[in-house]
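Quick notes on the structure that follows.
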Amino acid sequence: MSTHNKTALILGGGLAGLTAAKRLTDRGFQVRVLEKREIFGGKVSSWKDDEGDWIESGTHCFFGAYSVLYDLMKEIDTYHAVLWKEHKLTYTLAEGDRFTFNTWNLPSPLHLLPAILKNGYFSFGEMASFAKSLIPLALLKQQYPPSQDHLTFAEWAEEKKFGHRLMQKMFRPMALALKFIPPEEISAKIILDVTETFYRLPDASRMGFLKGSPQEYLHQPLLDYSAAKGAVFRNNTAIEELLYDGGEIRGVQLRNGEILTADYYLSALPI
15 MSTHNKTALI LGGGLAGLTA AKRLTDRGFQ VRVLEKREIF GGKVSSWKDD
65 EGDWIESGTH CFFGAYSVLY DLMKEIDTYH AVLWKEHKLT YTLAEGDRFT
115 FNTWNLPSPL HLLPAILKNG YFSFGEMASF AKSLIPLALL KQQYPPSQDH
165 LTFAEWAEEK KFGHRLMQKM FRPMALALKF IPPEEISAKI ILDVTETFYR
215 LPDASRMGFL KGSPQEYLHQ PLLDYSAAKG AVFRNNTAIE ELLYDGGEIR
265 GVQLRNGEIL TADYYLSALP I
């Protein structure tokens, strides 16, 4: 099917929406992106304050597992902006307690042995119980996390009985950092997906940070790239409703009453 001159309307100008705009313009679509806020970037947005300092909507780290993101950054020539850190993960807790998960340069899963044997905070018994709980993950790999989607992570942990301290000191911060959702509410699938990736890929848990803001090295380059191919970006544009006739979408009505139509509609809005 030819996509030349086909129109696409993308709802949401976060990183997902901006990436979709690039992918579609690369395929010949005429793209429009609608964003409610003044700035683009969504949950990864950043902006300058009155003194010229960059402000981010949260601290964003880049894990080695984000291969799709790095492919995108290479396409827009910004991958060089990722500054990789030493491959270890340090937790700093209340009252100054801390522990570090180190790795060895060995094939998976042997690269994680120091995290189990030498973290210096959790007992060997605690880590052995945790390792035992991951046996189904090791055997079934990527098939296992979806099978646990009916449980919250707290329910899954209770079934596996790997210990209260591991939950409170390790996985509660992890769940909140990933999705801003506590273990009692987040699906077990989400945490297990991450754990399986870290288990399977030796460099997946390595962290990096941008040498500047996401606006400089993600959003603006994506905006510039797609705009050069004819994409139109509208900020301060709130969507009121999708005009759906029971069979297909007929258009998008904006809050100001304007109605926009396209051949294809793509929602890149948070659920």
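The numbering of the sequence shown is my numbering, which starts it at 15 and goes up by one.
Idealized CB from N, CA, C, for every residue including glycine.
Model, not experiment: these values are computed from the prediction.
Run through DSSP, which three-state label would residue i get?
i, result
"residue 258", "strand"
"residue 135", "coil"
"residue 117", "coil"
"residue 264", "strand"
"residue 241", "helix"
"residue 248", "strand"
"residue 23", "strand"
"residue 28", "strand"
"residue 283", "coil"
"residue 274", "strand"
Mind checking which residues open and close the alpha helix (DSSP H) that includes residue i?
i, result
"residue 223", "First-last for residue 223: 221-224, but that is the beta strand (DSSP E), not the alpha helix (DSSP H)."
If you count every other CB in all the chains shown that lies within 10 Å of the CB of residue i, and 16 or more means buried, which is it?
i, result
"residue 233", "buried"
"residue 35", "buried"
"residue 225", "exposed"
"residue 64", "exposed"
"residue 198", "exposed"
"residue 58", "buried"
"residue 33", "buried"
"residue 203", "buried"
"residue 109", "exposed"
"residue 213", "buried"
"residue 138", "exposed"
"residue 284", "exposed"
"residue 162", "buried"
"residue 47", "buried"
"residue 129", "buried"
"residue 229", "buried"
"residue 133", "buried"
"residue 60", "buried"
Leaving out five residues before and five after residue i in sequence, what residues of the same chain have Cβ atoms less than 7 Å from its Cβ?
i, result
"residue 195", "189"
"residue 237", "32, 54, 247"
"residue 90", "235, 236, 239"
"residue 79", "211, 215, 218"
"residue 207", "159"
"residue 112", "104, 105, 106"
"residue 52", "249, 250"
"residue 151", "158, 206, 209, 210, 213"
"residue 146", "none"
Considering only residues of the same chain and omitting the five flanking positions on each side of residue i, which have a CB-CB separation below 6 Å?
i, result
"residue 50", "252"
"residue 39", "45, 240, 243, 245"
"residue 255", "267"
"residue 85", "none"
Excluding the five sequence neighbours on either side, which residues of its own chain have a C-beta within less than 8 Å of the C-beta of residue i, listed in chain order?
i, result
"residue 200", "166, 167, 189, 192, 193"
"residue 258", "264"
Self-check item: Length at least 3, wholly inside the segment 39-112: the beta strand (DSSP E) runs in chain order
Solution: 44-48, 60-62, 68-70, 96-98, 102-106
Quiz item: What alpha helix (DSSP H) runs, 4 residues minimum, are completely inside the segment 150-219?
Solution: 158-161, 167-174, 186-193, 202-214
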